[in-house]
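In the numbering used here, the protein residues as written are 13 to 262.
Here's what the structure looks like:
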């Protein structure tokens with residue numbers, strides 16, 4: 013720990029790993045690293061800053077928590093982004109994959125099928141008799157990496173009302189990915205963790221041992237559910253912001 017004296021005689025104490033964190037951040041900025049670049053190995057960095065690997069790892073963890081690097085087990089540390097974090101909050105109604113991704117989404121694959129609603133889905137949508145619904149899977153990739161997977165149940169009648177041709181995969185993808193959110197003044201989302209690895213038709217897996225699971229229900233202005241979505245996100249590629257405001261009178 014380093015002591016730093018300020019003008020009024022007060023001594024500020026700074027932990028060694030915080031000092032190294034600041035030096036690493038300066039190194040990343042001054043040496044003009046780009047997104048996707050790999051940092052030197054831990055042994056090299058520890059020797060450069062004259063600290064133990066344990067101290068260095070604490071510093072790297074801070075960089076990871078701040079969204080500057082991502083740590084890939086067995087491979088090293090890579091620059092994620094040097095841009096300011098997004099101010100878009102989770103209180104807005106929008107596709108969370110696009111809202112909170114720290115990397116560009118450059119490929120979305122969709123698979124569409126039709127299924128009889130389960131008892132749970134019937135209860136969720138308020139159906140009193142068996143109904144056929146559209147089910148869709150979406151794979152979100154950045155630079156060929158799978159970083160998110162989405163699964164949705166959608167009310168066919170609502171799709172018809174919007175003039176969506178369910179045989180047109182591109183139209184369905186655009187509706188499920190963006191348009192549906194503009195139709196819904198209200199949504200509910202539950203956030204948990206999932207260890208799920210396999211997603212439908214592809215053997216491709218995300219690298220993280222645990223994924224962020226967002227279970228989201230979208231409601232139309234009349235209060236009826238239009239879609240139920242589950243998004244599985246690799247936490248290495250996402251950054252969430254909550255914009256809180258005080259509610260008076262409660």
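Cβ atoms here follow ideal geometry from the backbone N, Cα and C, with glycine treated the same way.
Original post:
Looking at the structure shown, is residue 179 part of a helix, part of a strand, or coil, going by DSSP?
Top reply: coil
Original post:
Is residue 91 near the ligand NAD, judged by its Cβ being under 7 Å from some heavy atom?
Top reply: Absent from the structure shown: the ligand NAD. Ligands present: none.
Subject >> residue 199 to residue 56 span [Cα, whole Å] >> reply: 49 Å
Original post:
Looking only at its own chain, which residues have a Cβ that is under 7 Å from the Cβ of residue 70, when we skip the five neighbours before and after it?
Top reply: 29
Original post:
Are the CB atoms of residue 117 and residue 128 nearer to each other than 8 Å?
Top reply: no
Subject >> Cβ-based neighbour list, residue 166, same chain, cut-off 6 Å, excluding 5 preceding and 5 following >> reply: 146 and 239
Original post:
When we look at the beta-carbon of residue 62 and count the other beta-carbons within 10 Å, is it buried (16 or more) or exposed?
Top reply: exposed
Original post:
If you compare alpha carbons, which of 170, 89, 150 and 231 is closest to residue 182?
Top reply: 150
**OP:** Would you list the one or two residues that DSSP bridges to residue 126?
**Re:** 146
Subject >> In chain order, each alpha helix (DSSP H) run of at least 4 residues that lies wholly inside the segment 55 to 95 >> reply: 65 to 77
Original post:
Expressed to the nearest angstrom, what Euclidean distance is found between the alpha-carbon atoms of residue 180 and residue 201?
Top reply: 28 Å
Original post:
Ends of the beta strand (DSSP E) at residue 161?
Top reply: 157 to 166
**OP:** Pull up the distance between the alpha-carbon of residue 218 and that of residue 135, whole angstroms please.
**Re:** 32 Å
Original post:
What are the boundary residues of the alpha helix (DSSP H) that residue 135 is part of?
Top reply: 131 to 137
Original post:
Given a threshold of 16 other Cβ atoms within 10 Å of its Cβ, counted over all protein chains shown, does residue 188 qualify as buried or as exposed?
Top reply: buried
Original post:
Taking only runs of the beta strand (DSSP E) that begin and end inside the segment 185 to 216, which ones reach a length of at least 3 residues, in chain order?
Top reply: 198 to 206
Subject >> Exposed unless 16 or more other CB atoms sit within 10 angstroms - verdict on residue 209 >> reply: exposed
Subject >> Reduced DSSP category for residue 41 - H, G, I as helix; E, B as strand; rest coil >> reply: helix
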